[in-house]
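One structure is given below, encoded as structure tokens.
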């Protein structure tokens, strides 16, 4: 590409004689390039000097710009002294080409900053390689890779170097590559190599300099050497790292030395930078940083153009960068697509994901480009590391000429753009708050003890709570029963282990306060859950909380992807719990707010449990196989029994599970520590139960119950396929065949799953004597009634005519007729076919079952006590009344009594036929 073919604009000559001298020195240039060279030299004494210095090279370079750039970026070879000279020539040539292409409109901003950054990468790597070679030559380092790497930070990391940037670097070495006895020697040699690298880049020689280097972004730079071990750096960031350091690492990338080691370090540091939960506390941290910079640099005053700092002043470049990076820190832990180094692409991605309005992202991106362009012009004049606008009339006239704008138009545009940036960013970091409303006093004693709760013990947590307390109390006062709502909120606050992140989340998203009050006023169980798992609120503002239910298959894929990204087995157990908690909370909120029916919520809880087991089971097997080898034979399948098998769980259901394996005749596993087949699958099943039920930092996934396996608690925890077939065909009791009605495979090898389903179908289709089934069913009902009485009128599950009773009758109908199906309605239709019910009776039982299921779902959602327990409160009772479609508790109890009586009579009549 010839430069003249891409020229779209020209500066206005400011010092014509200087431009004439530059053109005369260059010899043969085509007319468009000659005009550009003339105007460039006339505006910039520094660029005029470069043109004079490279006059012999320039005509050939502008004739083929890409080739000239490639040549200039080719790493030099030789010793440090040779490299010093070669790098400075490369710097002159890239600086001159970038300036001409920038001023002439031939390159975009990204092409200009990209060329400058690639020069910095090449220079750092070449200088470091030569410096390390010198240390090897002197016998200070072994011949080989010492694991030393350089991280490009700031604008260099993001490929956004400005025209006269210094380069911010962090230099580390991987100490695990060396014997402990050699650590001190290796570190000393690495320190000397980095010092030599910096000198090669920044020493001012007759040939100029390459880049000024700044190593102060490393941990505790006042007391640490210029090179640290990766272990020391990780320990620092884990224990002492601050928000500004997290923001700095958004742009970090390895640029020299052992790139792979640098990439591995950044991957290990990712949890420090990207927090698991939405981090709205970062907003205040970033605002504090802005204020500190303004105070230190004296840039906090109003926008007055002479001497205004385009980087750090109001409305400047740093404001846009902070705005972008803070938004990334808030949400990047949950959404890896937001982890972008570059500012403008980062803004665009934030807009795509809904974190920044598209119009604001476009506006800030446009202002950012303009500000960077002005910054480049200011620096090009004398190659000064400055970001301030001129203070003299001559300086402003020169800047206007470089921008090819009238001075008055330039000043007006600068004022407009800086003011608009300041308005948008200041509104984010320090939104205008109305005068604080007086704090309501609903219960003085209760409110007084809040300050002693763990969440408010820190100064910052208490300050944040002070700001949101008036809104919280106002919402609580507006609830139907303020006293009950306040008491429930008190329980929530008391159980909250920490408050900074959550209170910051509420302050930034006031709509969540309404949700919190709604939950605490109606569902004590959900409120307790929320206090222990406040991170689930992230999902509410994460963009998809109110989207349609994705279904079991999509959930399984999502869970598997989350587990695949976790670092180790323990992290996977935490990951599946955190993932399931968010979905569990979503289901509960949707049900509480009547966005889903009880039947839909029950199916969603089941989808969630199945998806979690389906994703977790392969991880358990893989972890187990590292020690004992892969599963012998076809492997093992998990069968869901009871409510899980039927696809209807409540908010507090445990999981009834059976594990069936088929070793295909193999005696033992093949691994480092082989086990005989029976022991292998028993231990593997126990590993599964542990993975599901154990308490981790993220709590428990589910409670699990294995008592429905053959022989109950007396039998092995895992049953072989052959033994299971024999047991079901020859030994199982009727109640175990009734339980098969609701059985379905949750996870396992396809061929084994098909065989298990086939066995279930054969067992259930086996002809039976109806009278015998009825007799045994009567006996089972009597035993259940004597074992446990219903817990009052509102107990929807236990008791004659209630959920469990209707389910048993429905299962008996399927067993008697071989009818295909697993749902209660299927079984009631089968009872009609068996002659136990008529159509009207089946419909009546089906309707009663649905009503009682709604009551059971509400009971488990808002707590574990029935509605007449006295602890439910008015808000909870309102949810019960909605479920029963009644207007008062008295009417609801009458409806329940009628339902129980009618249902019990229908079942008794069916069993007496």
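Numbering (our numbering), first residue to last: 9 to 921.
Glycine is no exception: its CB is placed at the ideal position from the N, C-alpha and C atoms.
Quantities reported herein were computed from a predicted structural model and do not represent experimental measurements.
(1) Can you tell me whether residue 443 is buried or exposed? The criterion is at least 16 other CB atoms within 10 Å of its CB, across all chains shown.
(2) Could you have a look at residue 445 and say whether DSSP puts it in helix, strand or coil?
(3) Return helix, strand or coil for residue 736, following the three-state DSSP convention.
(4) Do residue 900 and residue 914 have their C-beta atoms within less than 8 Å of each other?
(5) Considering only DSSP beta bridges, list what residue 181 is partnered with.
(6) From 12, 48, 616, 90, pick the residue whose C-alpha is nearest to that of residue 69; which is it?
(7) Would you report the Cα separation of residue 855 and residue 751, rounded to the nearest angstrom?
(8) Assuming residue 390 contacts residue 54 (C-beta within less than 8 Å), just tell me the rounded distance between them.
(9) Which residue's Cα is closest to the Cα of residue 626: 756, 328, 65?
(10) Report yes if the C-beta distance between residue 125 and residue 161 is below 8 Å; otherwise report no.
(11) In its own chain, which residues sit with a C-beta less than 6 Å from the C-beta of residue 479, not counting the 5 before and 5 after it?
(12) Do the stretch 555 to 563 and the stretch 607 to 618 touch if we need at least three Cβ pairs shorter than 8 Å?
(13) Given a threshold of 16 other Cβ atoms within 10 Å of its Cβ, counted over all protein chains shown, does residue 672 qualify as buried or as exposed?
(14) Applying the 10 Å Cβ sphere with the 16-neighbour rule, what's the burial state of residue 250?
(15) Given 8 Å as the limit, is there contact between the stretch 45 to 61 and the stretch 98 to 112, that is, 3 or more CB pairs closer than that?
(16) Are the Cβ atoms of residue 705 and residue 623 separated by less than 8 Å?
(17) Please report the Cβ distance between residue 654 and residue 693, rounded to the nearest whole angstrom; I am assuming they are in contact, meaning their Cβ atoms lie under 8 Å.
(18) Entirely within the stretch 654 to 733 and at least 3 residues each: give me those beta strand (DSSP E) ranges in chain order.
(19) In chain order, what residues of the same chain lie with their CB nearer than 6 Å to the CB of residue 891, ignoring the 5 residues before and after it?
(20) Assign residue 265 to one of three DSSP states: helix, strand, or coil.
(21) Excluding the five sequence neighbours on either side, which residues of its own chain have a C-beta within less than 7 Å of the C-beta of residue 27, listed in chain order?
(22) Could you tell me whether the stretch 641 to 650 touches the stretch 581 to 590, using the rule of 3 or more Cβ pairs below 8 Å?
(23) Less than 8 Å between the C-beta atoms of residue 811 and residue 821, yes or no?
(24) Cutting at 8 Å between CB atoms, please list the residues of its own chain near residue 369, excluding the five before and the five after it.
(25) In terms of DSSP beta bridges, what is residue 647 paired with?
(26) Could you pull out every unbroken alpha helix (DSSP H) segment of at least 4 residues lying fully inside the stretch 322 to 383, listed in chain order?
(27) Here's the rule I'm using: 16 or more other beta-carbon atoms within 10 Å means buried, otherwise exposed. How should residue 685 be labelled?
(28) Apply the 10 Å Cβ neighbour rule to residue 906 and answer buried if 16 or more other Cβ atoms are within range, or exposed otherwise.
(29) From what residue to what residue does the alpha helix (DSSP H) around residue 555 run?
(30) From residue 339 to residue 346, what distance separates their C-alpha atoms?
(31) Under the rule that 16 or more other beta-carbon atoms within 10 Å means buried, what is residue 908, buried or exposed?
(32) List the endpoints of the continuous alpha helix (DSSP H) containing residue 490.
(33) CA-CA distance, residue 428 and residue 371?
(34) For the putative contact between residue 501 and residue 463, defined by C-beta atoms under 8 Å, what is the C-beta separation to the nearest angstrom?
(35) DSSP three-state label for residue 583, please.
(36) Which residues bound the alpha helix (DSSP H) around residue 81?
Per the coordinate set shown:
(1) No answer about residue 443 holds up, because its pLDDT of 48 lies below 50 and its placement is not dependable.
(2) Confidence at residue 445 is low in this model, with a pLDDT of 49, below 50, so the placement of that residue should be treated as unreliable; the coordinate-derived value is given next. Coil at residue 445, not helix or strand.
(3) helix
(4) In this structure, residue 914 does not lie closer than 8 Å to residue 900 by Cβ.
(5) 156, 237
(6) 12
(7) 23 Å
(8) 5 Å
(9) 756
(10) no
(11) 521
(12) yes
(13) exposed
(14) Its Cβ having fewer than 16 others within 10 Å, residue 250 is exposed.
(15) With a cut-off of 8 Å, the stretch 98 to 112 and the stretch 45 to 61 count as touching, because enough Cβ pairs lie within range.
(16) Going by C-beta atoms, residue 705 is not nearer than 8 Å to residue 623.
(17) Not quite, the Cβ-Cβ distance comes to about 22 Å (not below 8 Å), so this is no contact.
(18) 663 to 670, 726 to 728
(19) 862, 863, 866
(20) Strand.
(21) 21, 46, 47, 49, 50
(22) no
(23) no
(24) 355, 356, 358, 359
(25) 666, 753
(26) 325 to 339, 351 to 360
(27) Buried, by the Cβ-count rule.
(28) When all chains shown are included, residue 906 counts as exposed.
(29) No alpha helix (DSSP H) holds residue 555; DSSP gives it neither H nor E.
(30) A straight line joining the alpha-carbon of residue 339 with that of residue 346 spans about 7 Å.
(31) buried
(32) 490 to 502
(33) 9 Å
(34) 6 Å
(35) Residue 583 falls in the helix class under three-state DSSP.
(36) Neither: residue 81 is in no alpha helix (DSSP H) and is coded neither H nor E.
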